Each structure stands twice: as structure tokens, then as C-alpha cells.
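So the sequence shown is numbered by this note's numbering: it starts at 1 and just counts up by one.
The beta carbon of each residue, even a glycine, is placed where N, CA and C say it ideally should be.
Computed from a predicted structure; not experimentally measured.
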Amino acid sequence: MNTLPPALENLIASLSRLPGIGKKSATRLALHLLRRPAAEAAALARDIAELHRRISLCSNCFAFSEEDPCPLCRDPRRDPATVCVVEGPDDMMAVEASGSFPGHYHVLHGALSPMDGIGPAELRIDALLKKVSRGRVRELIIATSSTVPGEATASFIIERLAGSGVRISRLACGLPMGMDVRYADSMTLARAIEERKAIQEPPPKPPAG
């Protein structure tokens with residue numbers, strides 16, 4: 001016989017679908033919410049409901065934002081010719097927290113993983129290629145994670161941009177193999193950005209005259 005009220009059971013099931021939340025954790029969270037004043041639960045429900053209503057993707061960098069373009073893309077102090085390519089918004093937040101990157105971002109919203117059905121069409125790679133083709137990007141910093149999907153994504157982008165004339169670099173020392181960018185501390189990310197290595201250099205300009 002089930003001892004839990006259906007409403008509580010439904011909430012536990014919903015919370016269990018969140019990443020990293022098992023049934024025990026979901027039960028603990030649901031019981032905590034039930035013990036708190038009804039106004040707190042209502043406020044949480046409102047905040048969740050507002051997510052999809054108020055937040056969308058920036059049309060330039062594809063970060064989550066309530067404005068389009070987002071505040072970072074609108075900031076005149078940032079260099080739009082230097083673009084940092086990251087897998088997700090959490091990676092972008094980690095790089096931004098390092099305080100060492102003054103350019104724009106491009107959020108792919110994932111990494112290539114054919115076994116999971118994630119190919120180039122499921123990512124924002126075409127938008128990145130179009131951005132480069134407009135001729136306004138001078139350097140592309142690929143900051144995908146040093147995991148198998150992250151490395152595959154980096155290799156795919158580098159291959160597609162071969163001969164584009166854009167300087168392509170990859171985050172350098174400080175990021176161990178298999179580590180996600182989002183879990184690196186600010187000092188490690190800052191050093192990796194400062195000591196990035198070029199993968200592709202633009203061809204030398206022909207002599208004048």
C-alpha cells in the first residue's frame with residue numbers, strides 16, 4: 001500500500017527527472033517544500049514558470065538571455081572579432097568568471113556524440129560557420145571540453161574552417177584531459193586562455209604594390 005499522497009508522489013517523480021537527482025534526494029526536497037510555508041512553494045513555482053516565458057537565446061551568441069542581443073554582445077568594450085566557442089551556457093559562465101576573456105562567445109549547446117544522436121545539425125555549428133564567413137571574426141578560441149565529444153567537436157570545427165583565414169586556437173595548459181571546462185577554477189581557466197595555442201593561422205598578406 002502506498003503511504004504517500006498522490007500530489008507528493010507526483011512532485012517526487014518530477015524532481016527525480018532532474019539531472020543528478022535520485023529518488024531519495026527528490027523525496028527529501030519534496031518533503032522540505034511541503035514543510036515550508038505555502039507562499040515559498042508558490043514563489044518557486046512562479047520562478048520555474050517564468051523561465052520559458054522570459055528567457056530565450058541571444059541571436060548572436062546563443063546564450064540564455066532575457067534580452068536580444070544579450071548584455072555581453074551589446075557591451076561596446078568587448079571585442080566581437082575574438083570569439084570563444086563553448087559547449088554550454090555553464091561553460092560560458094566559467095570562462096567569464098575567469099575575468100580574462102574580453103571578446104564574444106558562441107554557445108553550441110552540446111558536443112558531437114553520434115551514439116546519443118547528436119550530430120552537427122543538433123548544435124549551433126552552422127551558425128558559427130556563417131558568423132566566420134561574414135569576415136568579422138579574427139580569432140576563434142575553441143573552449144570545448146577535453147572529453148571525447150569535446151575533442152570531436154573541436155576537430156570538426158577546425159576541419160570545416162580550414163583555409164578560412166581565421167586564427168584558430170585551443171585552450172592550453174591547465175585543463176587536464178577529460179575535465180569539463182565548467183568545473184575548472186578561475187585561475188586555471190585564465191591561464192589556459194592566456195597561453196592558448198594556435199591551430200590555424202591566417203595566410204600572410206601579399207606585399208603591397
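(message) I'd like to know if ALA81 contacts chain B, where contact means its C-beta is closer than 8 angstroms to some C-beta of that chain.
(response) The question asks about chain B, but that chain is absent: this structure has only one protein chain.
(message) What residue range does the beta strand (DSSP E) around LYS205 cover?
(response) LYS205 -> no beta strand (DSSP E), and no H or E assigned at all.
(request) Output the distance between the C-alpha atoms of SER164 and PHE101, rounded to the nearest integer angstrom. (result) 23 angstroms
(request) Please go through the same chain and pick out, in chain order, the residues whose beta-carbon is closer than 7 angstroms to the beta-carbon of SER98, but skip the five residues on each side of it. (result) Contacts found: SER186, LEU189, ALA190, ILE193.
(message) Quick check on DSSP: helix, strand or coil for PRO80?
(response) strand
(request) On a CA-only basis, which of PRO76, PHE62, ARG46, PRO69 is nearest CYS84? Give me that one, please. (result) PHE62
(request) At 4 residues or longer, and completely inside the region 37-65: list those alpha helix (DSSP H) runs for me, N to C. (result) 38-54
(message) Checking the sheet assignment: what are the DSSP bridge partners for LEU140?
(response) VAL83, ILE168
(message) Using 8 angstroms as the cut-off, can you tell me whether the region 113-128 makes contact with the region 69-78, which would need three or more C-beta pairs spanning the two stretches below that distance?
(response) no
(request) Identify, in the order they occur along the chain, each residue of the same chain with its Cβ nearer than 8 angstroms to the Cβ of ARG160, setting aside the five sequence neighbours on each side. (result) ILE125, LEU129
(message) Check for me: the alpha helix (DSSP H) holding HIS32 runs from which residue to which?
(response) 23-35
(message) Please tell me whether GLN200 and ILE141 are closer than 8 angstroms, where the distance is taken between their beta carbons.
(response) Not a contact, by the Cβ cut-off of 8 angstroms.
(request) Just tell me which of ALA30, ALA111, LEU18, LYS24 has its CA closest to the CA of PRO6. (result) ALA30
(message) Taking the beta carbon of SER237 as the centre, do at least 16 other beta carbons fall within 10 Å, making it buried, or is it exposed?
(response) Because the chain here runs from 1 to 209, residue 237 falls outside it and cannot be looked at.
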